[in-house]
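Trainee: Dumping the structure here so I can ask a few things about it.
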Amino acid sequence: MNQPYDCLVIGAGMAGAVAARELAERGGKQVLVLERRNHVGGNAYDHFDQDGVLIHQYGPHIFHTNNRRVFDYLSRFTAWRNYQHQVVANIPAADGRQELPVPFNLVSLRAAFPPEQAAALEQKLLETYGAERKVTILELRESSDPDLRALADFVYDHVFVRYTMKQWGQKPEEIDPATTARVPVFLSEDCRYFQDIHQGMPLEGYTPMFQRLLDHPNLTVETGVDASARLTLEDGRILLDGEAFEGLVLYTGAVDELFGCRYGRLPYRTLDFTFETYAQDFWQSHGTVNYTMDQDYTRITEFKYLTGQELPGVTTIMKEYARSYTGAAGEVPYYAVINPENNALYAQYQAEAARYPNLRLLGRLAEYKYYNMDAIAARALELCDELLK
Numbered sequence: 210m211n212q213p214y215d216c217l218v219i220g221a222g223m224a225g226a227v228a229a230r231e232l233a234e235r236g237g238k239q240v241l242v243l244e245r246r247n248h249v250g251g252n253a254y255d256h257f258d259q260d261g262v263l264i265h266q267y268g269p270h271i272f273h274t275n276n277r278r279v280f281d282y283l284s285r286f287t288a289w290r291n292y293q294h295q296v297v298a299n300i301p302a303a304d305g306r307q308e309l310p311v312p313f314n315l316v317s318l319r320a321a322f323p324p325e326q327a328a329a330l331e332q333k334l335l336e337t338y339g340a341e342r343k344v345t346i347l348e349l350r351e352s353s354d355p356d357l358r359a360l361a362d363f364v365y366d367h368v369f370v371r372y373t374m375k376q377w378g379q380k381p382e383e384i385d386p387a388t389t390a391r392v393p394v395f396l397s398e399d400c401r402y403f404q405d406i407h408q409g410m411p412l413e414g415y416t417p418m419f420q421r422l423l424d425h426p427n428l429t430v431e432t433g434v435d436a437s438a439r440l441t442l443e444d445g446r447i448l449l450d451g452e453a454f455e456g457l458v459l460y461t462g463a464v465d466e467l468f469g470c471r472y473g474r475l476p477y478r479t480l481d482f483t484f485e486t487y488a489q490d491f492w493q494s495h496g497t498v499n500y501t502m503d504q505d506y507t508r509i510t511e512f513k514y515l516t517g518q519e520l521p522g523v524t525t526i527m528k529e530y531a532r533s534y535t536g537a538a539g540e541v542p543y544y545a546v547i548n549p550e551n552n553a554l555y556a557q558y559q560a561e562a563a564r565y566p567n568l569r570l571l572g573r574l575a576e577y578k579y580y581n582m583d584a585i586a587a588r589a590l591e592l593c594d595e596l597l598k
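Next comes the structure, spelled out in structure tokens:
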């Protein structure tokens, strides 16, 4: 029996959904999308909780891009709510706690130090580096001025090091010096977390955007389906439901799982979330508050800031805890742990995938790298440009 589909896409997150739409619409292909979860949208999936608050189930997702093609493309499937994300670091202070805008900037500087000291530091920074510049703490530590070197140490200690230790499970000496070197001080009063041209949130939420993206006559989407139960890879051939499938197979899942983790499991960081609902309009000062010096959680997100939802008298927050991924049931691999050893392990899986001429790997898990949402949408569009030319 001939297969009724030209292409098979595994995963209905940003990578899979954009690629599937392009193959179906621009390529005129019959496309089958298999999604393990019972919903589309990948980690950007959002839904209403029991109190009617629109929440992001897998952590906060804020769309931002300088890529006009990606913005215009996704704008076909959603209108946008203008939202300029701001983040603060909540740290202990002499009189309780204080909040500093992150990335650390001139507003943070004035909040962190007494007025005279802050003014003197600001003058030195602007005279040395100029306004509206992002200066790294490496640059500050290389300064001949002891005050600027001390400022670099303050930012390292109060904003960066403990947060990074929690996020990645590392001791200070284990943190990549290149990562530390890039920690910025923004010589500006711009407290936005991102400076991209296009920023915002899908007006009705991410899930409706993905549902429209995957709504096409040439697209068949099956959720709640583990592709490993339908797909067999053997001796350079791919079988779908036991029959040879010679069309394109675009895989966006975990590449080690595709091959049964035969070379060992690729290391990731996973996240645990606790959701709390309060009978008040808002619970914290900003959409995201990072806890950079204490607490077990890395950050707290309050969704109503992000979504602009008008729902008086109730709000939901989410506390986020990072830990090592074990592959246990229910765990989600979020962040690849990039280092030479793990890259070498990934290369073994990449070589295994190359034995299958109709298999392409796409996305965070399949490529074992970090992508922002806009970057993976761009990558999916570029891959389809290549496949359909």
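For any residue, its number in my numbering is found by taking its place in the sequence shown, counting from 1, and adding 209. We put the beta carbon where it would ideally sit given N, CA and C, even for glycine. Every value quoted in this text rests on a predicted model; they were computed, and no experiment measured them.
#1: Along the chain, where does the alpha helix (DSSP H) containing P417 start, and where does it finish?
#2: Using only CA atoms, which one of Q293, V262, Q259, V498 lies nearest to H273?
#3: State the Cα-Cα distance for the pair L232 and Q239, rounded to the nearest angstrom.
#4: Out of curiosity, what's the CA-to-CA distance linking N299 and Q326?
#5: So the candidates are A545, V279, V464; which of them puts its Cα closest to the Cα of S533?
#6: Apply the 10 Å Cβ neighbour rule to M210 and answer buried if 16 or more other Cβ atoms are within range, or exposed otherwise.
#7: Indicate whether the contact test is met: 3 or more Cβ pairs, each with one atom in the region 456 to 465 and one in the region 570 to 581, closer than 8 Å.
#8: Counting along the chain, where does the beta strand (DSSP E) carrying L475 start and finish?
#9: Taking a contact to mean a Cβ-Cβ separation below 8 Å, would you say F395 touches N314 in this structure?
#10: My output table needs one value for L442: the three-state DSSP class, helix, strand or coil.
#11: Roughly how many angstroms separate the alpha carbons of T483 and Q489, rounded to a whole number?
#12: In three-state terms, what does DSSP make of F272?
#13: Any chance the region 247 to 254 sits against the region 502 to 510, with 3 or more Cβ pairs inside 8 Å?
#14: One question on the structure: do V297 and S494 come within less than 8 Å of each other, judged by their Cβ atoms?
#15: Taking G473 as the reference, which of T524, V430, N552, M502 has the closest Cα?
#16: From P417 to L335, what distance separates their C-alpha atoms?
Mentor: Quick look at the numbers:
#1: 415 to 422
#2: Q293
#3: 8 Å
#4: 21 Å
#5: A545
#6: At M210, the pLDDT of 46 sits below 50, so the modelled position is not reliable; the number obtained from the coordinates is stated separately. Exposed: under 16 other Cβ atoms inside 10 Å.
#7: yes
#8: Element bounds for L475: n/a, residue is neither H nor E.
#9: yes
#10: strand
#11: 18 Å
#12: strand
#13: no
#14: yes
#15: N552
#16: 46 Å
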